[in-house]
Amino acid sequence: MASSYLQRGLELNNNKQLVTRIYFILGQISQSNQDFSKASSYFSKVIKRNPPYQMAFQAKMNLAQCYDEG
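Residue 32 in numbering that gives the first Met the number 0 sits at position 33 of the sequence shown, with consecutive numbering throughout.
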């Protein structure tokens with residue numbers, strides 16, 4: 000449910016920081032649903048968008064967990 004609203008937010012928004020945050024949240028949702036392939040894709044998108052250090056660090060940690068668990 001939340002994922003569909005976030006996907007819609009991606010379609011309607013051009014704000015780089017907000018879009019990056021939405022990708023991060025979608026990654027977290029996918030990871031919690033144990034869809035590690037999709038989560039990895041979202042976390043990779045976050046990293047490629049050059050986010051602030053803390054978000055980049057957390058995205059890399061989550062990506063590593065996805066590879067470990069998936």
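Beta carbons are placed, not taken as given, at the ideal position from N, Cα and C, and that holds for glycine.
Please read all numbers here as calculations on a predicted model, not as lab measurements.
* Which residues mark the beginning and the end of the alpha helix (DSSP H) in which R7 is found? -> For the purposes of this step, residue 7 is identified with residue 8 of the sequence shown, where counting begins at 1. Its alpha helix (DSSP H) spans residues 1-11.
* To do: Leaving aside the five residues before and after S28 along the sequence, list all residues of the same chain whose C-beta is less than 7 Å from its C-beta, in chain order.
  => Within the sequence shown, residue 28 is the residue found at index 29, counting from 1. The displayed chain sequence assigns Ile, not Ser, to residue 28. Excluding positions up to five away in sequence, the list reads A1, S2.
* Straight-line CA distance for G26 to Y4? -> In the sequence shown, the residue the question calls residue 26 occupies position 27. In the sequence shown, the residue the question calls residue 4 occupies position 5. For G26 and Y4, the distance between alpha carbons rounds to 14 Å.
* Asked: Among N32, L17, F35, S31, which residue has its Cα nearest to the Cα of N49?
  -> Stepping through the sequence shown from its first residue, residue 49 is reached at position 50. Checking every option, the nearest Cα to that of N49 belongs to L17.
* Going along the chain, which residues of its own chain have a beta-carbon closer than 7 Å to the beta-carbon of A55, five neighbours each way excluded? -> Position 56 of the sequence shown, counted from the first residue, corresponds to residue 55. Excluding positions up to five away in sequence, the list reads I46.
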